[in-house]
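Worksheet: the structure to be examined is printed underneath.
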């Protein structure tokens, strides 16, 4: 996108944003502080009518190749403008309805670009153009929220273990369950006043209960707390949690000062105890060494990527090939298809494309590293070794011997 020099251009971009119904990326090269403020208000101050959440990704900076296009303080200007219209920063935000009115910043080291992802406030509409009172994506059969709501508790626990590795994913699932709980309460209120239920409401009432939903929320919240206690946080999650805790500490400190001046002794005591608890928790999180979550089928994917590398080099090499070499090259598509299938099956609920792709790219980079290491060893006179000796797999590194299997 070219640099915008007039407010008319800003208004045009705001119009494009409001009318967009899909995830979009926009380049803010050349934008000034005033233009960013105008764009934020024009595009995001009021709720946007949409059927589902969309993510607007704005390029706000980058490395040496593009740095001259962007003001160094562009991210600060944008974040300030968004906060002034009621947005909150959430470094674990994703494209789901409960993240409406939030934003997060990202530095993609692979692309060497800096982004701000904005999740707008939404006025949900159905395809017929009506409000969303009678419909929610949580009632879509097969959606994570629906599956988690209607299944038995033991099945739910297995789903959590299989589909939500991270603290952020489980926190998102809690939000989905709370939405289901609110919906179920509304259904009960409707029944108490003698109103007829629609088909979706009747289906939900038949397959679950308020107590069942609350039991799942209680269990899952204990799991989330346990992840923090055990240091099971990624770098982004750690930063997000510290950000929330620091804000809470500031709020409590301010409330204590006000209550002290007003002579409210009991309230001061209560707030002081809360402050002590949050501060202790903050100190615990500060000492956490961040982890990286491994894909469910990471070992198998890594093995397949290692098999593909020499086939790629063989295919790219010049000269005539033997029949045996042609047969080897012919196995490449199947190997790559299987690796891609396992990657897809490893993806959990509520995982952003960028985050998932980064995890997959990490495995490919690891495969290349191991291949180069084995090639150098062979070239230096290490002799011919068996394939299982050449490729240092994840399991051979003793993945179970560390504090956490997810750390690399």
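Residue numbers (the working numbering): 127 to 534. Just so it is clear, CB atoms sit at the ideal spot from N, CA and C, and this is done for glycine as well. Since the structure is predicted, the reported quantities are computational estimates derived from the model, not experimental observations.
Open item on the list: Would residue 313 and residue 327 be called neighbours here (beta carbons separated by less than 7 Å)?
Closed with: yes
- [ ] Quickly, what does DSSP pair residue 174 with across the bridge? List them, please.
- [x] 248
Open item on the list: To the nearest angstrom, how far is the alpha carbon of residue 137 from that of residue 165?
Closed with: 7 Å
TODO: Name, in chain order, the residues that DSSP records as bridge partners for residue 240.
DONE: BP columns for residue 240 point to 187 and 233.
TODO: Compare the beta carbon distance of residue 473 and residue 482 with 7 Å and say whether it is the shorter of the two.
DONE: yes
Open item on the list: What does the alpha-carbon distance come out to for the pair residue 277 and residue 240?
Closed with: 41 Å
Open item on the list: What does the alpha-carbon distance come out to for the pair residue 135 and residue 412?
Closed with: The C-alpha of residue 412 is placed about 44 Å away from the C-alpha of residue 135.
Task: CB of residue 221 within 7 Å of CB of residue 193, strictly - done: No Cβ-Cβ contact shorter than 7 Å links residue 221 with residue 193.
Open item on the list: According to DSSP, is residue 197 part of a helix, a strand, or is it coil?
Closed with: coil
Task: Beta-carbon proximity list for residue 230, same chain, < 7 Å, skipping 5 on both sides - done: Closer than 7 Å at Cβ, skipping near neighbours: 215, 216, 217, 219 and 243.
Task: From 249, 297 and 246, residue whose alpha carbon lies closest to that of residue 271 - done: 297
Open item on the list: List, from N- to C-terminal side, the alpha helix (DSSP H) runs of 4 residues or more that fit wholly inside the region 303 to 381.
Closed with: 325 to 333 and 336 to 355
Open item on the list: In whole angstroms, give me the CA-to-CA distance for residue 305 and residue 336.
Closed with: 12 Å
Open item on the list: For the alpha helix (DSSP H) containing residue 412, name the first residue and the last one.
Closed with: 391 to 412
Open item on the list: Could you tell me the alpha carbon to alpha carbon distance between residue 479 and residue 424, rounded to whole angstroms?
Closed with: 17 Å
- [ ] With a 10 Å radius around its C-beta and 16 neighbouring C-beta atoms as the bar for buried, classify residue 318 as buried or exposed.
- [x] exposed
Task: residue 293 (DSSP reduced to helix, strand or coil) - done: helix
- [ ] Name the residue from 174, 144 and 184 whose alpha carbon lies nearest to the alpha carbon of residue 156.
- [x] 184
- [ ] Determine contact between the region 284 to 297 and the region 344 to 361, defined as no fewer than three beta-carbon pairs at a distance below 8 Å.
- [x] Segments in contact, yes.
Task: Own chain, CB closer than 7 Å to residue 143, minus 5 neighbours either side, in chain order - done: 169 and 182
Task: Three-pair Cβ contact test at 8 Å for the region 488 to 499 versus the region 430 to 441 - done: yes
- [ ] Reducing DSSP to helix, strand and coil, say where residue 147 ends up.
- [x] coil
TODO: Reducing DSSP to helix, strand and coil, say where residue 503 ends up.
DONE: helix
Task: Pair within 7 Å by beta-carbon distance, residue 382 and residue 394 - done: yes
- [ ] Flag this pair as yes or no: are the beta carbons of residue 342 and residue 245 separated by less than 7 Å?
- [x] no
Open item on the list: Counting C-beta neighbours from all protein chains within 10 Å, is the total for residue 369 16 or more, i.e. buried, or is it exposed?
Closed with: exposed
- [ ] Tell me whether residue 418 is buried or exposed, calling it buried when 16 or more other Cβ atoms sit within 10 Å of its Cβ.
- [x] exposed
- [ ] Output yes or no for whether 7 Å exceeds the beta carbon distance between residue 437 and residue 458.
- [x] Their beta carbons are under 7 Å apart, which means residue 437 touches residue 458 by this criterion.
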